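**Student:**
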C-alpha cells in the first residue's frame, strides 16, 4: 500500500458533524467565507454576489430620503470651501466691447440702410463681431433661410396588365402584342407563368417579356423557351427567386438562341456565388449575339470578363450592320472599315468583305 493511500485512510472514518460542532463561531464564519463561490468578473451579477460581505455593522433603520438630503445639505454648508491657490483680485483684462455692441443695437433699432451697416461691420474686428453676435439675442436671423414646400410625389400606380387576357392574346399570336409587362404583379401563380413560357415557344410577335418581382422560380421553364423562340429580343427576370442553377440554364440556352439582345437577371433572392459567376462569365464569352446583360458581379474577375464579352459583341454587332448595308456598293471601303473597327479589339482583323478573320500581325495585308 502506498504512502498516500495510508494517509487517506486516516480520514475515511472521520465524522464531519462532530468536527463542525467543535468549531467556534469565528471559525465557522471563516469556513463559510472560504466555501463561497463568487465570480468578481461577472458583470451580470449584483455587487453583493460578486464579493464577500464585509459589513459587520448592524442596520441603523429604514431609508428616509428627505432626512438624507437634509443631512447632506447641512454637511455641505458646514464644510468650509477650499481656498483658491491663486486669489481672485478682481482685475479685468482686455478691452470692453459694451459700447460697441450698444452702438450696434442702436444701429439695428434705427434700421440703417445696407451701405451704413456694411461700413460699420467692415470696421469691426473678428473678436468684436463675435461679441456682437453673442450679445444681440433679439436679432432675428430667420430671413437668411427660407423654407421650401416640396410637392408630394405620388406612389407609383400598380401594374394594370390583365394577366388572363394577355395570356389569351399571347396564345393566339396577337400581332398587336409586342411587349408583355407583368412587373410587380405578385399574385400570379407559378402554373400561369409556366403557361406564359409555353406560349412564348410558339409566339412569333412578342419582342419584350418582363416578369420583374413576380416571385418566379426555377420551375418557370424560360430556358426551354429561349431554345425555341426566335422573336424575343429582351428578357427581364430581375428581383425573383431564381437560383444559380436556373440562371446557368437560362444563360446556357443562349447558345441555341441568336435573337435575344438583352437579358437582365440581377437582384435575385439568393446570391449566386463565385462559382456561378465564373460560369456565367465563361458562357458570356462564348456568346456573340447578346448586347446587354444586366447583373452586378460581386467579383472583379467575372465582372471584367463579362464586360469585355459585351463590348466585343457590341463592336461585332455594329460591324455586321455596316457590312450588310454597304457590301454591294463599296466592297473595298467596307474591308477597310472592318479592319479599323476590329482593330479596337486588338485580336483580329478582317481580310475581305466575307468577314474572314486573320491574326493581328497580318493587318498590313488587309488595307490596300
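Residue numbers (UniProt numbering): 1 to 368.
Every residue gets a Cβ at the ideal spot worked out from N, C-alpha and C, and that includes glycine.
Quick caveat: nothing in here was measured; it's all calculated off a predicted structure.
1) From residue 131 to residue 121, what does the alpha carbon distance come to, in whole angstroms?
2) Give me the Cα-Cα distance between residue 7 and residue 31, rounded to the nearest whole angstrom.
3) Which residues bound the beta strand (DSSP E) around residue 3?
4) Grouping DSSP H, G and I as helix and E and B as strand, with all else coil, what is residue 77?
5) In the DSSP output, what is residue 209 paired with across the bridge?
6) Contact between the stretch 300-308 and the stretch 277-286 is defined here as three or more beta-carbon pairs at a separation below 8 Å; is this criterion met?
7) Residues in its own chain within less than 6 Å of residue 13 by CB, not counting five upstream and five downstream?
8) Buried or exposed, going by whether 16 or more other CB atoms sit within 10 Å of the CB of residue 265?
9) In the DSSP assignment, what are the bridge partners of residue 90?
10) Where does residue 5 land, buried or exposed, given buried means 16+ other C-beta within 10 angstroms?
11) Considering only the alpha carbon of each residue, which of 17, 56 and 88 lies closest to residue 29?
12) By the 10 Å Cβ neighbour count, where 16 or more other Cβ atoms means buried, how is residue 16 classified, buried or exposed?
13) Based on the DSSP secondary-structure assignment, which residues constitute the bridge partners of residue 262?
14) Just the C-alpha distance for residue 201 and residue 229, rounded to the nearest angstrom, thanks.
15) Quick test of your reading: residue 184 and residue 212, contact by CB under 8 Å. State the CB separation rounded to the nearest angstrom.
16) Can you tell me whether residue 190 is helix, strand or coil according to DSSP?
17) Starting from the Cα of residue 261, find the closest Cα among 288, 149, 157 and 240 and give me that residue.
18) What residues in its chain sit with their C-beta under 6 Å from that of residue 256, if we drop five residues either side in the sequence?
19) What's the gap between the Cα of residue 250 and the Cα of residue 300?
20) Answer yes or no: do residue 182 and residue 231 have a C-beta to C-beta separation smaller than 8 Å?
21) Alpha carbon to alpha carbon, how far is residue 153 from residue 370? Give it in angstroms, no decimals.
22) Is the distance from the Cβ of residue 247 to the Cβ of residue 276 below 8 Å?
23) Under the rule that 16 or more other beta-carbon atoms within 10 Å means buried, what is residue 11, buried or exposed?
24) Taking the Cβ atom as the reference point for each residue, do residue 180 and residue 170 lie within a distance shorter than 8 Å?
25) Quick check on the burial criterion: 16 or more other C-beta atoms within 10 angstroms. Buried or exposed for residue 69?
26) Does the Cβ of residue 311 have 16 or more other Cβ atoms within 10 Å, making it buried, or fewer, making it exposed?
27) Less than 8 Å between the beta carbons of residue 192 and residue 167, yes or no?
28) With 16 as the cutoff for other CB atoms within 10 Å, does residue 150 come out buried or exposed?
29) Whole angstroms are fine: how far does the CA of residue 290 sit from the CA of residue 354?
30) For the alpha helix (DSSP H) that contains residue 61, what are its first and last residues?
31) Nearest-angstrom Cα distance between residue 46 and residue 40?
32) Please report the straight-line C-alpha distance between residue 74 and residue 64, rounded to a whole angstrom.
33) If you draw a straight line from the C-alpha of residue 443 to the C-alpha of residue 243, how long is it?
34) Answer with buried or exposed for residue 24, where buried requires no fewer than 16 other C-beta atoms within 10 angstroms of its C-beta.
35) Taking residue 274 as part of the alpha helix (DSSP H), name the residues at either end of that continuous run.
36) Which two residues bound the contiguous alpha helix (DSSP H) that contains residue 249?
**Tutor:** Looking at the coordinates:
1) Here residue 131 corresponds to residue number 131 of the chain shown, with the count starting at 1. Here residue 121 corresponds to residue number 121 of the chain shown, with the count starting at 1. One C-alpha to the other measures close to 12 Å.
2) Position 7 of the chain shown, counted from the start, is the residue given in the question as residue 7. Position 31 of the chain shown, counted from the start, is the residue given in the question as residue 31. Cα-Cα distance, rounded: 23 Å.
3) In the chain shown, residue 3 corresponds to position 3, counting from 1. Not the beta strand (DSSP E): residue 3 falls in the alpha helix (DSSP H), residues 3-9.
4) As a first step, residue 77 must be located in the chain shown, where it is residue number 77. Three-state DSSP puts residue 77 in a helix.
5) The residue given as residue 209 occupies position 209 in the chain shown. DSSP, once it has assigned bridges, lists 180 and 235 as partnering residue 209.
6) The answer is yes - the stretch 277-286 touches the stretch 300-308, with three or more Cβ pairs under 8 Å.
7) The sequence position of residue 13 within the chain shown is 13, counting from 1. Result list for residue 13: empty, nothing under 6 Å.
8) Position 265 of the chain shown, counting from 1, holds the residue named residue 265. By the C-beta density criterion, residue 265 is buried, having at least 16 other C-beta atoms within 10 angstroms.
9) To locate residue 90, count along the chain shown from 1; it is residue 90. Paired residue(s): none; residue 90 is not in a bridge.
10) Residue 5 sits at position 5 when you count from the first residue of the chain shown. So residue 5 ends up on the exposed side.
11) For the purposes of this step, residue 29 is taken as the residue at position 29 of the chain shown. The candidate whose alpha carbon is nearest that of residue 29 is 56.
12) For the purposes of this step, residue 16 is taken as residue 16 along the chain shown, with counting starting at 1. Per the 10 Å Cβ criterion, exposed.
13) In the chain shown, the residue the question calls residue 262 occupies position 262. Paired residues: 234 and 292.
14) Counted from its first residue, the chain shown places residue 201 at position 201. Counted from its first residue, the chain shown places residue 229 at position 229. Between residue 201 and residue 229, the C-alpha separation is close to 5 Å.
15) The residue labelled residue 184 in the question sits at position 184 within the chain shown. The residue labelled residue 212 in the question sits at position 212 within the chain shown. Yes, residue 184 and residue 212 are in contact; Cβ-Cβ is about 7 Å, under 8 Å.
16) For the purposes of this step, residue 190 is identified with residue 190 of the chain shown, where counting begins at 1. Helix.
17) Counting from one through the chain shown, the residue named residue 261 turns up at place 261. Of the candidates 288, 149, 157 and 240, the one whose C-alpha sits nearest the C-alpha of residue 261 is 288.
18) In the chain shown, counting from the first residue as 1, residue 256 sits at position 256. Correct list, in chain order: 227.
19) Here residue 250 refers to the residue found at position 250 when the chain shown is read from its first residue. Here residue 300 refers to the residue found at position 300 when the chain shown is read from its first residue. Going from the Cα of residue 250 to the Cα of residue 300 covers about 22 Å.
20) Taking the chain shown and counting its residues from 1, the one referred to as residue 182 is at position 182. Taking the chain shown and counting its residues from 1, the one referred to as residue 231 is at position 231. No; because the gap between Cβ atoms is not below 8 Å, this pair is not in contact.
21) A query on residue 370 cannot be resolved here, the shown segment of the chain reaching from 1 to 368 and no further.
22) Working through the chain shown from its first residue, we reach residue 247 at position 247. Working through the chain shown from its first residue, we reach residue 276 at position 276. Contact flag set, yes.
23) Counting from 1 along the chain shown, the entry for residue 11 is found at position 11. The residue is exposed, with fewer than 16 neighbouring Cβ atoms inside 10 Å.
24) Against the chain shown, residue 180 aligns to sequence position 180. Against the chain shown, residue 170 aligns to sequence position 170. It is a contact, given that the beta carbons lie within the stated cut-off.
25) By 1-based counting over the chain shown, the position of residue 69 is 69. So residue 69 ends up on the exposed side.
26) Reading the chain shown from its first residue, position 311 is the one you call residue 311. Looking at its Cβ environment, which holds fewer than 16 other Cβ atoms inside 10 Å, residue 311 is exposed.
27) Along the chain shown, one-based indexing puts residue 192 at 192. Along the chain shown, one-based indexing puts residue 167 at 167. Yes, they are a contact pair.
28) Translated into positions along the chain shown, residue 150 becomes position 150. Residue 150 is exposed by the Cβ-count criterion.
29) Indexing the chain shown from 1 puts residue 354 at position 354. Indexing the chain shown from 1 puts residue 290 at position 290. A caution first: residue 354 carries a pLDDT of 35, below 50, which makes its placement in the model unreliable, though a value can still be read off. About 22 Å.
30) The count along the chain shown starts at 1 and reaches residue 61 at position 61. Per DSSP, residue 61 belongs to no alpha helix (DSSP H) and is neither H nor E.
31) Taking the first residue of the chain shown as position 1, residue 46 is located at position 46. Taking the first residue of the chain shown as position 1, residue 40 is located at position 40. Those two C-alpha atoms are separated by around 10 Å.
32) Reading the chain shown from its first residue, position 74 is the one you call residue 74. Reading the chain shown from its first residue, position 64 is the one you call residue 64. Approximately 16 Å between the Cα atoms of the pair.
33) In the structure as shown, the chain starts at 1 and stops at 368, and residue 443 therefore has no counterpart that could be examined.
34) Along the chain shown, one-based indexing puts residue 24 at 24. Counting Cβ neighbours within 10 Å, residue 24 comes out exposed, since fewer than 16 surround it.
35) The residue given as residue 274 occupies position 274 in the chain shown. Run containing residue 274: 274-286, per the alpha helix (DSSP H) assignment.
36) Within the chain shown, the letter at position 249 stands for residue 249. Residues 244-252.
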